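Numbering (my numbering), first residue to last: 410 to 866.
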């Protein structure tokens with residue numbers, strides 16, 4: 410009964426209402442709450458998050474001599490925190506023959522040109538208390554990233570293990586893994602080096618990229634959205650908490666293989682730099698708190714060239730594998746995310762309790778997953794962007810903020826961007842179409858949330 414990969418809701422709203430209510434009650438029971446009210450406790454704590462990182466870092470660390478490395482294990486906790494309900498991950502090293510594509514990654518299952526090669530690999534087996542298992546094989550550049558599930562994701566049903574999408578190797582095992590971890594608020598997400606095949610650096614020359622950057626920068630500075638952001642921050646700098654850093658999530662790779670894909674991602678980073686520069690001058694001077702604001706960006710798709718280009722505009726990239734961006738967040742942080750994943754919001758709020766972050770710029774948030782009337786009302790739409798539905802904690806946070814719509818028909822000053830729904834078996838983008846068969850372009854439909862100081866209105 411939950412949202413599928415396209416964000417569609419079931420047609421039977423009463424059935425959906427009952428399913429979601431039961432799922433929310435299961436979360437409350439797991440947290441030791443025996444009433445039928447809203448979820449009170451956080452789904453995970455700051456201490457649990459810190460412990461999880463400390464256990465995961467040595468687990469995923471590559472060994473100098475893999476074939477003599479010892480077996481490694483770690484526990485992935487269930488949302489109830491009971492050790493017996495955790496998922497056990499075991500990592501071993503071995504050599505195995507695998508089909509490898511020309512790009513050096515695991516070949517797609519329909520790749521007739523793949524070669525079978527003996528590879529040194531890491532094998533991670535996951536097992537839960539019911540005895541269900543999932544086995545993932547990692548090449549040298551494959552990894553897992555720390556993943557977090559919010560309230561909405563924890564209410565979803567298991568995925569069906571069907572025909573491998575895009576003929577990806579181990580698709581079935583990855584589906585099993587996602588199902589095993591679906592009630593673990595802190596988990597792991599498989600990050601294949603194959604994901605970088607869509608954004609290889611050689612597809613866009615450095616010379617062409619540098620020329621484009623001049624055009625994108627001018628487009629951003631002359632855009633209406635840039636003007637709105639600057640004016641709004643200046644007008645509210647004295648009535649919002651002092652910002653000590655800007656932390657960005659999922660702003661995208663700068664090597665995207667499309668006409669305006671790299672520009673779309675680059676201007677999003679420029680927007681983060683503009684927020685920094687504006688607040689450094691607009692915030693009141695305080696000798697104890699110098700107006701020096703750092704910008705940190707986390708995205709698993711960053712390449713070495715991305716990192717170099719971002720360094721030129723004084724944006725530091727952080728380790729996505731260890732969710733380093735989350736560790737930098739506190740009540741004086743401004744968070745920027747243009748990702749469609751709503752689960753980023755729960756840890757943002759949990760790690761800044763009780764106030765929440767000082768500021769947030771994201772897709773517009775329109776519903777509280779625990780307010781069933783709000784969620785069911787959204788079923789009148791054919792398509793529902795699940796990034797709009799958040800936990801009760803996140804909903805309460807945005808109600809405590811000043812809210813400013815940030816909208817536009819272009820993308821941060823760059824020409825309209827085609828909306829991609831996925832990729833075909835050959836890695837080519839599949840574009841969203843409207844009812845008339847025309848390609849749908851993205852528009853900026855976002856909102857700026859600035860937490861109010863107690864004395865401000």
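Even for Gly, the Cβ is constructed at its ideal location relative to N, Cα and C. Just so we're clear, the structure is a prediction, and the values are computed from it rather than from any experiment.
For residue 537, the closest alpha carbon among the candidates 775, 857, 763, 588 is that of 588. For residue 810, the enclosing beta strand (DSSP E) begins and ends at 810 to 817. When secondary structure is reduced to three states using DSSP, residue 587 falls in the helix class.
When DSSP states are grouped into helix, strand and coil, residue 850 belongs to the strand group.
CA-CA distance, residue 632 to residue 815, rounds to 12 Å. When the beta-carbon positions are compared, residue 492 and residue 484 come within less than 8 Å of each other.
Taking all protein chains shown into account, residue 541 has fewer than 16 neighbouring C-beta atoms within 10 Å of its C-beta and is therefore exposed.
Under the DSSP assignment, residue 770 falls in the beta strand (DSSP E) whose first and last residues are 768 to 772. In this structure the region 683 to 693 lies against the region 640 to 659, because at least three pairs of beta carbons, one per stretch, are closer than 8 Å. Using a Cβ-Cβ distance cut-off of 8 Å, the region 459 to 467 and the region 795 to 811 are not in contact, since fewer than three pairs of beta carbons, one from each stretch, lie closer than that value. Remark: C-beta atoms of residue 554 and residue 730 approach each other more closely than 8 Å. Per the DSSP secondary-structure output, residue 747 pairs with nothing in a beta bridge. A Cβ-Cβ contact shorter than 8 Å links residue 535 with residue 586. Excluding the 5 residues flanking it on each side, residue 592 has same chain C-beta neighbours closer than 7 Å at 487, 488, 563, in chain order. Secondary structure at residue 479: coil, using DSSP grouped into helix, strand and coil. Counting C-beta pairs with one atom in each stretch, the region 453 to 462 and the region 745 to 759 have three or more that are closer than 8 Å, which means they touch. It is roughly 17 Å from the alpha-carbon of residue 508 to the alpha-carbon of residue 581. Take residue 728, set aside five residues on each side of it, and no residue of its chain has a beta-carbon closer than 7 Å to its own.
Partner residues in the beta bridge of residue 596, as assigned by DSSP, are 556. With a 10 Å radius around the Cβ and a threshold of 16 neighbouring Cβ atoms, residue 779 comes out buried. Pairwise C-beta distances place the region 719 to 726 out of contact with the region 761 to 774, as fewer than three of them are shorter than 8 Å.
In the assembly as shown, residue 622 is a buried residue. Its beta-carbon has 16 or more other beta-carbons within 10 Å. Taking 8 Å as the cut-off, the Cβ atoms of residue 513 and residue 520 do not count as close. Residue pairing for residue 497: DSSP places it in a beta bridge opposite 484, 536. With a threshold of 16 other beta carbon atoms within 10 Å, residue 429 meets it and is buried. Beta-bridge partners assigned by DSSP to residue 657: 706, 745.
Partner residues in the beta bridge of residue 820, as assigned by DSSP, are 823.
Here residue 636 is exposed. Its C-beta has fewer than 16 other C-beta atoms within 10 Å.
Between residue 652 and residue 599, the CB-CB gap reaches or exceeds 8 Å. In the three-state DSSP reduction, residue 447 falls in the coil class, being neither helix nor strand. Contact check between the region 844 to 856 and the region 700 to 707: fewer than three CB pairs, one atom from each, fall below 8 Å, which does not count as touching. Residue 437 and residue 617 have their C-alpha atoms some 53 Å from each other.
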